[in-house]
Amino acid sequence: MYVLGIETSCDETGVAIYHTSQGLINHILYSQVDMHSEYGGVVPELASRDHIRKLVPLIKQLMQESQLKSANINGIAYTAGPGLMGALLVGAATAKSLAWTWQIPAIAVHHMEGHLLAPMLEENPPQFPFVALLISGGHTLLVKVEAIGQYQLLGQSLDDAAGEAFDKTAKMLGLGYPGGPKLSVLAEQGTPQIKFPRPMTDRPGLDFSFSGLKTFTLNTFNSSEKTTQDKANIAAAFQQAVAETLSIKCKRALQQTGLKRLIVAGGVSANKQIREFLTEMTDKEHAEIYFPRLEFCTDNGAMIAYAGSQRLISGQQHQELNIFARPRWPISELY
Ligand code: KG4
Ligand code: ZN
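Heads up: the sequence shown begins at 0 in numbering that gives the first Met the number 0, then just goes up one per residue.
Structure, rendered in structure tokens:
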């Protein structure tokens, strides 16, 4: 079964084709980063308009490159939420219209389930059950995963998401958008001279909070000389604090659930130091760790095509002709 995947929840237009026995056939990603960087962050209306411009030509290109015709496609998976309402509606309307025209099923995919299943696209995918740490621009979630659709929320961020904390800190240091990757590059030039807080690690529980860390970083920056080296040192201390906090919480989640498998996904899972800290922790815990390849950490169509294919195989589909998008959609509501 060939499944076309469409991702338009934020600032990337992603399309992909996944075949249920051959695996990933092809994928294309168009990033709007250059357009939004002028404004220092994502402008929702511009994002929607750009998805409208790019999505159909990208699907055409994808089909041509894959030497597939519409008659070959057996289902369409699209991100229905969470994300920006206008951006989601572009993907949802396109997916539903194509599915209706081609007389094939469409399936609404939860964006964070897409991230969660992204490691399944790799050569050595994890077996269920596992603990998933999902760290993106909008969410920080620790989830116990028994099977696809069986998600127990163990912990989440009470304020800023991990990626949001990276982005805001980067902005404060004058690094621009998108901040996460820029901050991590700068951090390599610095040493963490001041020890930053590891929020909420001094008490039990699996929730996160990054806004205090952001304020601590701001105060440290304001009381520094603000030289390039100061900025690099602050970036390094901030990144190390996030990496260690995530690692402490994941260790706790593994111990609490008794599971020996951790998957880490979402944009922030591309961060080298976070990968290193988590890998070291799982080695010590004699647990296995799985990440998506770097290009599938951040938003992409492949993870949506995969997640949708698994739900279509199990018989789910969105038959009604109405087009729906859910800007807010708790992952624990999935079944
Ligand atoms: O998953 P994603 O592409 O989009 C959302 O679903 O939000 O994640 C984007 C987030 C942004 O906050 C970005 O700054 C962060 O992931 N990010 C990183 C790195 N690459 C992307 N944060 C830290 N280090 C990185 N290397
Ligand atoms: Zn995402």
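Built from N, CA and C at the ideal position, the CB exists for glycine as well.
Should residue i go down as buried or exposed, given a rule of 16 or more other Cβ atoms within 10 Å for buried?
| i | result |
| --- | --- |
| ARG310 | buried |
| TRP99 | exposed |
| GLY314 | exposed |
| SER246 | buried |
| TYR289 | buried |
| ALA105 | buried |
| ARG327 | exposed |
| ASP282 | exposed |
| HIS285 | exposed |
| ARG260 | buried |
| ALA186 | buried |
| GLN238 | buried |
| GLY22 | exposed |
| LEU174 | buried |
| PHE165 | buried |
| SER331 | exposed |
| LYS230 | buried |
| ALA70 | exposed |
| GLU279 | exposed |
| ASN232 | buried |
| ASP10 | buried |
| GLY257 | exposed |
| THR227 | exposed |
| ILE193 | exposed |
| LEU83 | buried |
| LEU152 | exposed |
| VAL184 | exposed |
| PHE276 | buried |
| ASN123 | exposed |
| ILE16 | buried |
| ILE322 | buried |
| ILE24 | buried |
| ILE312 | exposed |
Taking 8 Å as the threshold (C-beta atoms), are residue j and residue i in contact?
| i | j | result |
| --- | --- | --- |
| TYR38 | HIS18 | no |
| PHE129 | VAL108 | no |
| MET182 | ALA169 | Looking at the sequence itself, residue 182 is Leu, so the reference to Met does not match. A contact, by the Cβ cut-off of 8 Å. |
| ASN270 | GLU6 | no |
| LEU333 | TYR150 | yes |
| HIS35 | VAL41 | yes |
| GLU121 | PRO291 | yes |
| GLY137 | PRO56 | no |
| LEU54 | ILE75 | no |
| ALA131 | ILE262 | yes |
| ILE103 | ILE72 | yes |
| LEU157 | LEU205 | no |
| GLY307 | GLY4 | yes |
| PHE215 | ASP159 | no |
| LEU217 | MET171 | yes |
| PHE295 | ALA301 | yes |
Below 8 Å on the Cβ atoms is my contact criterion, and I expect residue i with residue j to pass it. Report the Cβ-Cβ distance as a whole number of Å.
| i | j | result |
| --- | --- | --- |
| GLY358 | ALA235 | What is shown of the chain runs 0 to 334, which leaves residue 358 out entirely. |
| ILE134 | SER268 | 6 Å |
| LEU88 | ALA240 | About 38 Å separates the two Cβ atoms, so there is no contact after all. |
| ALA86 | SER8 | 6 Å |
| GLN155 | PHE195 | Actually they are not in contact, since the Cβ atoms of GLN155 and PHE195 sit about 21 Å apart, beyond 8 Å. |
For residue i, verify whether its CB is less than 7 Å away from any heavy atom of the ligand ADP.
| i | result |
| --- | --- |
| GLU112 | With respect to small molecules bound, the structure shown includes the ligand KG4 and the ligand ZN and not the ligand ADP. |
I want to see whether chain B comes within less than 8 Å of residue i, judged by CB atoms only; does it?
| i | result |
| --- | --- |
| TRP101 | Given the protein chain composition of this structure (a single chain), no chain B is represented. |
Worksheet item: So does the segment 50 to 68 actually touch the segment 191 to 203, counting three or more Cβ pairs closer than 8 Å?
Response: no
Worksheet entry | Ranges of the alpha helix (DSSP H) found wholly within the segment 44 to 113, counting only runs of at least 4 | 84 to 101
Worksheet entry | Every unbroken alpha helix (DSSP H) within the segment 131 to 209, with a cutoff of 4 residues, ordered by chain | Segments of the alpha helix (DSSP H) lying fully in the segment 131 to 209: 161 to 171 and 178 to 186.
Fill in: Validate contact between the segment 114 to 121 and the segment 217 to 237 using beta carbons, cut 8 Å, 3 pairs
The answer is no - the segment 217 to 237 does not touch the segment 114 to 121, with fewer than three Cβ pairs under 8 Å.
Worksheet item: Does the segment 248 to 263 come close enough to the segment 173 to 189 that 3 or more CB-CB pairs lie under 8 Å?
Response: no
Discussion item. Across the segment 313 to 330 and the segment 24 to 41, are there enough close Cβ pairs to call them in contact, namely three or more that are closer than 8 Å?
Written reply: Verdict: no, contact absent.
Item to complete: Note down, one range per segment and in chain order, each alpha helix (DSSP H) of at least 4 residues found wholly within the segment 269 to 329.
Response: Fully enclosed alpha helix (DSSP H) runs of 4 or longer: 271 to 283 and 300 to 312.
Fill in: Entirely enclosed alpha helix (DSSP H) segments - the segment 6 to 47, minimum 4 residues
The qualifying runs are 32 to 36.
Worksheet item: Which ranges does the beta strand (DSSP E) cover as unbroken runs of at least 3 residues, wholly within the segment 211 to 271, from first to last along the chain?
Response: 260 to 264
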